[in-house]
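First up is the structure itself, then whatever we jot down about it.
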Amino acid sequence: MLRVLTYPKFPLQPVDCERLLEDLLPWYESWVAAISSSQHRVRDPDDQMFLDLALAAATPVLVSGDADLLDLKEEVPYLQIINPAEFQCWLVAQR
């Protein structure tokens with residue numbers, strides 16, 4: 030996560046990254062399990078693990094800004110693949 034926060038599309042200073050991690054880490058949970066690869070294929074093989082993990086965890090939503098994952102929106106009917114702006118709207122609707 031720290032590596033991703035340093036991407037140019039996130040104009041964060043190191044202190045901002047630290048604060049963000051301090052806010053997120055209490056909610057972080059880590060586990061290791063064998064996960065099968067889904068029948069759905071992501072164009073970029075490096076992104077396949079995110080789809081496989083979301084499906085294995087039976088999460089209702091996969092949030093991504095990645096075009097290869099977002100292109101699968103219509104192909105995986107039991108998983109909402111949405112961008113961060115759509116996620117914000119989704120969160121409001123859940124209240």
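Per the numbering used here, numbering of the sequence shown is gapless, rising by one per residue and ending at 124. Ideal Cβ placement from N, Cα and C applies to all residues, glycine included.
| Check | Outcome |
| --- | --- |
| Could you give the DSSP three-state label for residue 109: helix, strand or coil? | strand |
| Do residue 84 and residue 105 have their beta-carbon atoms positioned less than 9 angstroms apart in this structure? | yes |
| Tell me, to the nearest whole angstrom, how far the beta carbon of residue 77 is from that of residue 66; I am working on the premise that it is less than 8 angstroms. | 7 angstroms |
| Can you tell me whether residue 9 is buried or exposed? The criterion is at least 16 other CB atoms within 10 Å of its CB, across all chains shown. | Any answer about residue 9 is impossible in this case: the structure gives the chain only from 30 up to 124. |
| My parser needs the alpha helix (DSSP H) runs of 4 or more residues fully inside the segment 60-116; what are they? | 77-85, 96-99 |
| Taking 8 angstroms as the limit between beta carbons, can you name the residues of its chain near residue 49, skipping five residues before and five after? | 34, 41 |
| Excluding sequence positions up to five away, which residues of its chain have a Cβ less than 7 angstroms from the Cβ of residue 95? | 76 |
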